[in-house]
Amino acid sequence: MTTPTREPLIQRRTVAVVGTGSVGRAAAYAMFVRRSASEILLVDANEASARGEAMDLMHAQALVGRVDVRAVPVDAIGAAQVVVITAGRSQKPGQTRLDLLAANAEIIREVVSVVDRAAPDAVLLLATNPVDVLTQIAAAESKRPDGRVIGTGTTLDSARLRALVGETYEVSPRSVHAYILGEHGDSQVPIWSQAAIGGAKLAAGPVLGRVLDDATRASLASRARDAARDIIACKGRTDSAIGVVIAHLVEAILGDEHGVHPLSVPLRGEYGIEGVAASIPCVVGRSGIAARMTPDLDAGEIAALRRSADVLGQALRALG
Ligand code: NAD
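Quick note on the numbering used here: the sequence shown kicks off at 443 and runs consecutively.
See below:
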């Protein structure tokens, strides 16, 4: 009998999660089960909670396969190619995401400065809310190259909209192409002019025998926009779907996939907006944002995007 030697993996795909509360745990769980990475490093101000989560997941390796999950201090995340940031307060019933800004801005500034020292080359993927304003702050604070500070933005909102459109048209949400852009929050903008199933634009006429009338648009848009509020009213938090979103985005980065996702990035004149981060479709790969896209929108959508940016700009200025 020979003793197996553990060969070093040819290329370890390492992700760190800073903040292992509900969202960080859901992300770690999704990444573990999907094997999004070969190594998942967990960091939390409450070290015992990160350690417990790592142990808990490691016991499922017999079923999932070899994925190393370890709780580490933040200065030990140097191997991470992606650092997911989910540290910070979450919404309580009745609060908006922007209500979290003052408390979470302080946490994000602190986390970004330690992560800059510990993993200067990693791509930062922020989920902490209000994610757009915090992405702008993190990008300004961080010394890493352009395109390496990304907010999850409206990826979750767009997934919610696709699920609702899929239900309405009785097709798989994976076959629905639809984006919500702008703020991950109340001023978000559903882009109906480009929404399509199987290449058929929903705004152009009947698709699969259904017409996208104003009442249907308004109902789908408000259900996507208010989803977090509704879920928080029922279970006190949202975590499962954002966990899956984070796993997909981490795979896009680690796998250099060049998939297109609506992500929050500091805007530089796109649709006439600058000085705030908000979601536009972005091509995502190993170095973070590989390209930004500005698809044709109708005049109403562009105006709504600018209003959304104004809301974010006001929140940023109010913070000083
Ligand atoms: P939570 O309270 O369950 O967990 C937050 C964790 O952050 C805690 O474990 C806490 O110990 C840790 N933490 C705080 N400061 C830290 C620091 N300096 N370093 C390390 N860890 C620190 O909250 P949650 O439900 O996991 O939500 C986390 C954030 O994610 C919230 O801001 C929430 O609004 C946001 N969120 C975003 C989306 C999205 O689509 N972007 C979706 C859902 C929730």
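Note that beta-carbon positions come from the ideal geometry of N, C-alpha and C, so glycine has one too.
DSSP state of residue i mapped onto helix, strand, coil
{"i": "Leu483", "result": "strand"}
{"i": "Arg604", "result": "helix"}
{"i": "Lys677", "result": "helix"}
{"i": "Ile639", "result": "strand"}
{"i": "Ile550", "result": "helix"}
{"i": "Thr456", "result": "strand"}
{"i": "His501", "result": "coil"}
{"i": "His690", "result": "helix"}
{"i": "Pro615", "result": "helix"}
{"i": "Leu754", "result": "helix"}
{"i": "Arg512", "result": "strand"}
{"i": "Ser532", "result": "coil"}
{"i": "Val573", "result": "helix"}
{"i": "Glu625", "result": "coil"}
{"i": "Glu489", "result": "helix"}
{"i": "Leu696", "result": "helix"}
{"i": "Val653", "result": "coil"}
{"i": "Ile684", "result": "helix"}
{"i": "Gly730", "result": "strand"}
{"i": "Arg710", "result": "strand"}
{"i": "Leu451", "result": "Confidence is the limiting factor: at Leu451 the pLDDT is only 49, short of 50, which leaves the residue's position unreliable, though a coordinate-based value still follows. Residue state, collapsed to three classes: coil."}
Same chain, Cβ closer than 8 Å to residue i, five either side skipped, listed in chain order
{"i": "Arg559", "result": "Asp517"}
{"i": "Asp574", "result": "Gly593, Gly595, Glu625, His626, Gly627, Ser706, Val718, Ala719, Ala720, Ser721, Leu754"}
{"i": "Leu747", "result": "Leu623, Gly624, Val631, Tyr713, Ile715, Ala720, Leu739"}
{"i": "Pro562", "result": "Lys585, Arg586"}
CB-CB length for residue i against residue j, believed under 8 Å
{"i": "Ala492", "j": "Ala513", "result": "4 Å"}
{"i": "Pro764", "j": "Ala580", "result": "Residue numbering for the chain in the displayed model covers 443 to 762; residue 764 lies beyond these limits and cannot be assessed."}
{"i": "Ile695", "j": "Gly727", "result": "7 Å"}
{"i": "Arg477", "j": "Val509", "result": "6 Å"}
{"i": "Ala458", "j": "Ile519", "result": "4 Å"}
Residue i classed as buried or exposed, judged by whether at least 16 other C-beta atoms fall within 10 angstroms
{"i": "Gly530", "result": "buried"}
{"i": "Gln756", "result": "exposed"}
{"i": "His501", "result": "exposed"}
{"i": "Pro704", "result": "buried"}
{"i": "Asp708", "result": "The displayed chain sequence assigns Pro, not Asp, to residue 708. Answer is buried; the Cβ neighbour count reaches 16."}
{"i": "Arg616", "result": "exposed"}
{"i": "Arg602", "result": "buried"}
{"i": "Cys724", "result": "buried"}
{"i": "Asp738", "result": "exposed"}
{"i": "Asn571", "result": "buried"}
{"i": "Met497", "result": "exposed"}
{"i": "Arg590", "result": "buried"}
{"i": "Glu609", "result": "exposed"}
{"i": "Asn488", "result": "exposed"}
{"i": "Ala760", "result": "exposed"}
{"i": "Asp588", "result": "exposed"}
{"i": "Gln523", "result": "buried"}
Contacting residues, own chain, Cβ-Cβ under 7 Å from residue i (five flanking each side not counted)
{"i": "Thr680", "result": "Ala670, Ile673, Ile674"}
{"i": "Ala547", "result": "Leu576, Ile579, Leu761"}
6 Å CB neighbourhood of residue i in its chain, flanking five on each side removed
{"i": "Glu712", "result": "Ile722, Thr736"}
{"i": "Ala521", "result": "Thr456"}
{"i": "Arg710", "result": "Glu716"}
{"i": "Val686", "result": "Ala472"}
{"i": "Arg604", "result": "Pro615, Val618, Ala620"}
Beta carbon proximity, residue i to chain D, threshold 8 Å
{"i": "Gly530", "result": "Note that chain D does not occur in the displayed structure, where there is just one protein chain."}
Inter-stretch contact (C-beta, 8 Å, three-pair minimum) for the stretch 650-660 and the stretch 682-690: no
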